[in-house]
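Data block below; observations after.
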Amino acid sequence: MPALLLIAHGSRDPRHAATVAALVEEVRAQRPAAVVATAYLDHCAPRIPQVVGRLADAVAVPLLLNRAFHAKHDIPAALRAAGSRLPVADVLGPSPLLLAALDRRLAEAGLAVGSPAVRARTGVVLAAAGSSDPAADAATRTVAAAWRRTRGWAAVEVAYASAAGPRVPDALAALRTAGAAHTAVAPYLLAPGLLPDRITAAAEGADVVADVLGPAPELASLLLRRYDQALRAAQPVAALTA
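Residue numbers (the working numbering): 265 to 506.
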């Protein structure tokens with residue numbers, strides 16, 4: 265089977281690469297026969313040209329939540345520059361598995377997510393990075409709407425750590441205005457770093473603040489699902505060109 269080439273953004277914060285490594289281990293645990301490699305767009309090593317040259321066959325899977333600039337431009341450009349024509353899987357979001365991972369992190373932070381009564385009294389801030397791409401922000405709002413609809417939260421507000429607002433304090437205030445008895449902040453981010461730290465600092469006053477998605481089992485399952493989908497989509501093309 266082709267290797268799964270996980271392409272992450274990278275960060276100067278060493279927690280980022282450590283989290284990606286832990287996520288790769290979870291992917292391998294769920295599919296022991298899989299060959300999994302990692303490459304980074306920026307800041308961390310190895311970079312994409314260092315990895316694709318030693319992979320005879322692979323599917324590139326972006327470690328990205330939304331289809332914004334990195335997915336639309338940076339990853340395709342980096343693969344082209346490396347002389348690669350690898351099939352590229354879709355981004356991770358939206359997906360019910362991401363909602364399950366968000367639930368997990370809130371539960372780990374102490375919220376009784378399994379109680380319908382608790383959910384009905386709790387307003388949640390879905391705190392994302394933010395993007396200059398309107399489609400990416402619209403996708404985040406779609407996730408928030410699905411999370412409220414399927415879980416029965418009192419309300420779900422979107423906030424952003426960068427780009428245009430609203431910010432986390434604004435979203436918390438909106439939840440209280442809407443009548444939420446309790447509030448929680450759930451970072452819609454993949455790994456620790458500057459933006460998650462900014463969200464945590466801004467979440468003062470929330471009853472619960474969850475961790476980033478990190479190496480959640482649901483996230484690993486979603487990466488494998490995107491790999492499988494891209495592999496199936498690429499097979500007819502390979503058959504025609506053989």
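By construction, the Cβ of each residue, glycine as well, lies at the ideal position given by its N, Cα and C atoms.
query                                                                                                                                                                         : result
Taking the alpha-carbon positions, what's the Ala503 to Pro313 distance?                                                                                                      : Low local confidence applies: a pLDDT of 44 at Ala503 is under 50, so the model's placement there is unreliable, and no value is given.
Under DSSP, the beta strand (DSSP E) around Leu269 begins and ends at which residues?                                                                                         : Ala267 to Ala272
Determine whether the beta carbon atoms of Leu270 and Leu487 lie at a separation below 8 angstroms.                                                                           : yes
Arg431 to Tyr424, Cα distance in whole Å?                                                                                                                                     : 5 angstroms
Under 8 angstroms: do the segment 341-357 and the segment 324-332 share three or more Cβ pairs, one atom per stretch?                                                         : yes
Could you say which of Val300, Ala470, Ala418 and Phe333 lies nearest to Ala400 if we only look at CA atoms?                                                                  : Phe333
Just checking, does the segment 404-415 make contact with the segment 433-447 on the three C-beta pairs under 8 angstroms criterion?                                          : no
Quick one: measure Cβ to Cβ for Ala494 and Val382, integer angstroms, because I've assumed they're closer than 8 angstroms.                                                   : The pair is not a contact, with the Cβ atoms about 38 angstroms apart (cut-off 8 angstroms).
Report buried or exposed for Ala506, applying the criterion of at least 16 other Cβ atoms within 10 angstroms of its Cβ.                                                      : Residue placement at Ala506 is flagged as unreliable, the pLDDT there being 42, under the threshold of 50; the coordinate-derived value follows with that caveat. Classification for Ala506: exposed.
Do the CB positions of Val422 and Ala392 come within less than 8 angstroms of each other?                                                                                     : yes
Can you tell me which of the three DSSP states Ala503 falls into?                                                                                                             : Low local confidence applies: a pLDDT of 44 at Ala503 is under 50, so the model's placement there is unreliable, with the coordinate-based value given in what follows. Here Ala503 sits in helix by DSSP.
Taking the continuous alpha helix (DSSP H) assigned at Pro313, which residues delimit it?                                                                                     : Ile312 to Val316
Start and end of the beta strand (DSSP E) containing His446?                                                                                                                  : His446 to Pro451
Which residues in the same chain as Ala365 place their Cβ atom closer than 6 angstroms to its Cβ, once the five residues preceding and following it in sequence are excluded? : Leu477, Ala480, Glu482 and Leu483
Would you call Gly457 buried or exposed, if buried means 16 or more other Cβ atoms sit within 10 Å of its Cβ?                                                                 : buried
Which first and last residues belong to the alpha helix (DSSP H) in which Leu459 is found?                                                                                    : Leu458 to Ala466
Ala410 by DSSP, collapsed to three states: which one?                                                                                                                         : helix
Does Val420 come out as helix, strand or coil in the three-state DSSP assignment?                                                                                             : strand
Just the C-alpha distance for Val388 and Ala282, rounded to the nearest angstrom, thanks.                                                                                     : 28 angstroms
What separation, rounded to the nearest whole angstrom, lies between the Cα atoms of Cys308 and His446?                                                                       : 39 angstroms
Just list the residues that DSSP pairs Tyr304 with in beta bridges.                                                                                                           : Ala272 and Arg311
Residues in its own chain within less than 6 angstroms of Pro349 by CB, not counting five upstream and five downstream?                                                       : Strictly speaking, residue 349 in this sequence is Arg, with Pro absent from that position. No residues qualify anywhere along the chain.
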